[in-house]
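Chemist: Let me begin by handing over the structure; questions about it come next.
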Amino acid sequence: MGYDDALRNILEPTLRMVGERWASDGISLAQGFVAGKVAEDFLVLGKTQNTPRFAGGAENTGDDGAGLPARIAVLGNVEDDYHVLGRSMVASFLGIEGWNIVDLGCDVLADEFVDKAIEAGACVIGASAMMLTTARNIVKIRQVLQYRGLADRLKLAVGGAVFAMRPDLVGEVGGRNSQNGA
Amino acid sequence: MNSMERIGAVLSGGVPDRRPFTLTLSLYGARLAGVSAVDYFADPALYAAGQKAVVDLCEPDIVFGPFALALEAEAYGALVERFSDAPPLVKNPAFKSALDIESITRPEPESDPRLRFLVDSVRAVVQDQHGTRPVAAPITAPCDLPVLLLGMDQWLETLLFKPELAAQWGRLATEHFEALATAYFTAGASFLVSPVMLANPAIIHPELADRTILPILKDAFGRSPGPIVFHHGGNRLSRSLDQVKDLPNIAGFVVDERDALAVSRRTLGAAPLLLGNLSGPHFAHRHPADIANRTVQILRDREADVNFILASSNADIPYDTDPDCVVAVRRAVEAF
Chain U
60 MGYDDALRNI
70 LEPTLRMVGE
80 RWASDGISLA
90 QGFVAGKVAE
100 DFLVLGKTQN
110 TPRFAGGAEN
120 TGDDGAGLPA
130 RIAVLGNVED
140 DYHVLGRSMV
150 ASFLGIEGWN
160 IVDLGCDVLA
170 DEFVDKAIEA
180 GACVIGASAM
190 MLTTARNIVK
200 IRQVLQYRGL
210 ADRLKLAVGG
220 AVFAMRPDLV
230 GEVGGRNSQN
240 GA
Chain W
68 MNSMERIGAV
78 LSGGVPDRRP
88 FTLTLSLYGA
98 RLAGVSAVDY
108 FADPALYAAG
118 QKAVVDLCEP
128 DIVFGPFALA
138 LEAEAYGALV
148 ERFSDAPPLV
158 KNPAFKSALD
168 IESITRPEPE
178 SDPRLRFLVD
188 SVRAVVQDQH
198 GTRPVAAPIT
208 APCDLPVLLL
218 GMDQWLETLL
228 FKPELAAQWG
238 RLATEHFEAL
248 ATAYFTAGAS
258 FLVSPVMLAN
268 PAIIHPELAD
278 RTILPILKDA
288 FGRSPGPIVF
298 HHGGNRLSRS
308 LDQVKDLPNI
318 AGFVVDERDA
328 LAVSRRTLGA
338 APLLLGNLSG
348 PHFAHRHPAD
358 IANRTVQILR
368 DREADVNFIL
378 ASSNADIPYD
388 TDPDCVVAVR
398 RAVEAF
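Chains as they are written, first to last, in my numbering: chain U, 60 to 241; chain W, 68 to 403.
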């Protein structure tokens, strides 16, 4: 079995199952963490072997001629937030799905999210926050998007433990969507 | 009855004059005292003044020492961010690698300024209350301390794949817990409250927790010189209560707002204290009338439960909460 077969027939279905179980509280963070690590290792292997999927082909840039937006996401923990794990797991899972990820790390200011998203040609900003106090800083990203007239071009996805506890917060901070176990 | 007598009556199977209640208003004391949380979480006198203001506002039956677990990590060298309206937060863990365990010198509560602040604050609050009100001392669960010192990903990786190294971290965390718990009780704390994150099936599945987390908790809690209240730590607790209910020195459990109190009580049996379940972080976004209604609903539900204490769960009540929301709980309890 080659790399691409393993990816499509083993890893992708397994990760889909992990995602579904996680969304329904069927697995623990530790199990999701291990799945994320496996996905990450697999990605590294793909890049090392220069397989077509990771060689800068259509799946990464997204510009496949069919008019679909580029599959590029800018991720980061919002201003004052330093909880790394959720963000890095989302980055791993998106990576295995063929997304190009620009990971900005922790404590990212609103302008920086937007600047980097423009620079990278991203279609989505993923902002992570674990606590209520830091989640409120996501509003600033929404405000920058509105102010710069980018609200229709750049989607704002939000995530973090606080959104599982308070789903109403997604709209309150200006997020377009959040998905449990994403 | 004063609060100490009220809680004492509950613990001894007596009849209190009314249902005792408490709210986690550690941070909120800064707002009531009119000081920045930066100063508040650095000066025991300011902290005690804040807790005095909390008592003046709503007379909870239990007051708290600083809910500032990040300071325990700062004592080890973690980089901590301070905010004017929120508790301190770990910005960068103290260590880059689990292998750094070999070079760690454990800070002592008597000499480290961060730990001394925590203990001195408890002492100052105890002195202010003159034995009329129990003082709870928040303390990082020993299984969770490495999360603050290493980061969650490093600690998970160590726990899952490097058992001997994980055991070393477990020993460090246990010794830290014992030393700080002893200092808190010496300062006059009535009990510890320990938010436990990693024993929860949302974080680690039960079979693994049995092997890795429970032994750490059993050892550390067994060394505590006094009672501990097991706090749900942000996740639902009712489905894992069975796994943790027999840990040593546990006097009670704080459950999440999403936990059904009746289910939790069935799992625990009649004896341990059950505390909850008004979510602290939700206070800032609820109307006082809504909070009063919820309080009454909970009290009705638990009317026959003599070992129930109405309490806020989850994290501290936010700084920007309307004081009327806090007072609404006291009024509802008194009117019930």
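Ideal Cβ positions, reconstructed from N, Cα and C, are used throughout, including at glycine. Note that this is a predicted model, so its numbers are computed, not measured.
Would you mind telling me which residues of chain W sit closer than 8 Å to U/A194, beta carbon to beta carbon, in chain order?
Modeler: The contacting residues do not exist; U/A194 stays about 10 Å from chain W at best.
Chemist: Find the nearest neighbour of U/L153 within the set U/R75, U/V167, U/V173, judged by alpha-carbon distance.
Modeler: The option with the nearest alpha carbon to U/L153 is U/R75.
Chemist: Which partner residues of W/H349 appear in the DSSP bridge assignment?
Modeler: Paired residues: none, contrary to the question.
Chemist: Mind listing which residues of the stretch 218-236 of chain U have their C-beta closer than 7 Å to chain W's C-betas, in chain order?
Modeler: Under the 7 Å Cβ criterion, the stretch 218-236 of chain U contributes A220.
Chemist: Answer with yes or no whether the minimum CB distance from U/D139 to chain W is below 9 Å.
Modeler: Yes, contact with chain W.
Chemist: Looking at the strands, I want to know which residues DSSP matches up with U/N159.
Modeler: Answer is U/I131.
Chemist: Going by the CB atoms, is the gap between W/L136 and W/G347 shorter than 9 Å?
Modeler: Their beta carbons are not under 9 Å apart, which means W/G347 does not touch W/L136 by this criterion.
Chemist: Rounding to the nearest angstrom, what Cα-Cα distance links W/F403 and W/N344 in this structure?
Modeler: Roughly 17 Å separates the two Cα atoms.
Chemist: Identify which residue in W/G289, W/P201, W/M264, W/A208 has its Cα closest to the Cα of W/L304.
Modeler: Comparing Cα-Cα distances from W/L304 to each of W/G289, W/P201, W/M264, W/A208, the minimum goes to W/M264.
Chemist: Under a three-way DSSP split, which group does U/D123 fall into?
Modeler: Residue confidence for U/D123 is low, a pLDDT of 46 falling below 50, so the modelled location carries little weight; the figure read from the coordinates is stated next. U/D123 falls in the coil class under three-state DSSP.
Chemist: Which of the residues in the stretch 213-233 of chain W, read from start to end, lie with their CB under 7 Å from any CB of chain U?
Modeler: Answer set for the stretch 213-233 of chain W: G218, M219, D220, L223, L227.
Chemist: Determine the closest residue to W/T199 out of W/P230, W/G255, W/G237, W/G80, with distance taken between C-alpha atoms.
Modeler: Taking only the C-alpha atoms, the option nearest W/T199 is W/G255.
Chemist: Nearest CA to the CA of W/I358: which residue from W/C392, W/I376, W/G336?
Modeler: Cα-wise, what sits closest to W/I358 is W/C392.
Chemist: Tell me the rounded alpha-carbon separation between W/I82 and W/E370.
Modeler: Per the sequence presented here, residue 82 of chain W reads as Val, with Ile not at that position. Cα-Cα distance, rounded: 13 Å.
Chemist: Could you list which residues in chain W have their beta carbon closer than 7 Å to that of U/S87, in chain order?
Modeler: Ordered by position in chain W, the residues that pass the 7 Å Cβ test against U/S87 are P268, A269, I270, I271, H272.
Chemist: So is W/E148 in contact with chain U if we call contact Cβ pairs under 9 Å?
Modeler: Chain U, which has a Cβ nearer than 9 Å to the Cβ of W/E148, makes this yes.
Chemist: Let's test the definition: count the other Cβ atoms within 10 Å of the Cβ of U/M190 and tell me whether it reaches 16, buried, or not, exposed.
Modeler: U/M190 should be labelled buried.
Chemist: Name the one or two DSSP bridge partners that W/K119 has.
Modeler: In DSSP, W/K119 forms no bridge with anything.
Chemist: Could you check whether U/V232 and U/R207 sit closer than 9 Å to each other, using their CB atoms as the reference points?
Modeler: Not closer than 9 Å, so no.
Chemist: So which residues on chain U does W/P348 lean against when the C-beta distance must stay under 7 Å?
Modeler: In chain order: L191.
Chemist: Is U/L144 close to chain W, meaning its C-beta is less than 9 Å from at least one C-beta of that chain?
Modeler: Cβ-Cβ to chain W under 9 Å: yes for U/L144.
Chemist: Roughly how many angstroms separate the alpha carbons of W/A351 and W/D383, rounded to a whole number?
Modeler: Rounded to the nearest angstrom, the two C-alpha atoms are 11 Å apart.
Chemist: If you measure from the beta carbon of U/S83 to each beta carbon in chain W, is any gap under 9 Å?
Modeler: Output row for U/S83: interface = no.
Chemist: Buried or exposed: where does W/E274 fall if 16 or more other Cβ atoms within 10 Å of its Cβ makes it buried?
Modeler: By the 10 Å Cβ count, W/E274 comes out exposed.
Chemist: Less than 7 Å between C-beta atoms, sequence neighbours within five positions excluded: which residues of the same chain meet that for W/A233?
Modeler: Cβ neighbours of W/A233 beyond the five flanking positions: T225, L226, T279.
Chemist: Determine, using beta carbons only, whether U/S151 comes closer than 9 Å to chain W.
Modeler: It does not; no Cβ of chain W falls within 9 Å.
Chemist: With which residues is W/H298 paired in a DSSP beta bridge?
Modeler: Per DSSP, W/P262, W/V321.
Chemist: Check whether the Cβ atoms of W/A269 and U/L70 sit closer than 9 Å, and answer yes or no.
Modeler: Result no, Cβ atoms of W/A269 and U/L70 do not sit closer than 9 Å.
Chemist: Taking 9 Å as the threshold (beta carbon to beta carbon), is U/V198 in contact with chain W?
Modeler: No, its Cβ sits nowhere closer than 9 Å to a Cβ of chain W.
Chemist: Taking W/G218 as the reference, give the member of W/I317, W/F162, W/T388 with the closest Cα.
Modeler: Comparing Cα-Cα distances from W/G218 to each of W/I317, W/F162, W/T388, the minimum goes to W/F162.
Chemist: So for W/D383, helix, strand or coil by DSSP?
Modeler: The answer is coil: DSSP assigns W/D383 none of H, G, I, E or B.
Chemist: Hey, quick one: how far does the alpha helix (DSSP H) through U/I86 stretch, first residue to last?
Modeler: Here U/I86 belongs to no alpha helix (DSSP H), and DSSP marks it neither H nor E.
Chemist: On the CB-based measure, 16 or more other CB atoms within 10 Å of its CB, does W/E141 come out buried or exposed?
Modeler: With 16 or more Cβ atoms within 10 Å of its Cβ, W/E141 is classed as buried.
Chemist: Nearest to W/R85 by CA position, among W/S79, W/I74, W/L92, W/A112, is which residue?
Modeler: Nearest C-alpha to W/R85: W/I74.
Chemist: Taking W/P385 as the query, report the chain U residues whose CB atoms sit under 8 Å from its CB, ordered along the chain.
Modeler: Within chain U, the residues near W/P385 are L191, T192.
Chemist: Looking at chain U, is there any beta carbon in it that lies within less than 9 Å of the beta carbon of W/K158?
Modeler: Chain U, which has a Cβ nearer than 9 Å to the Cβ of W/K158, makes this yes.
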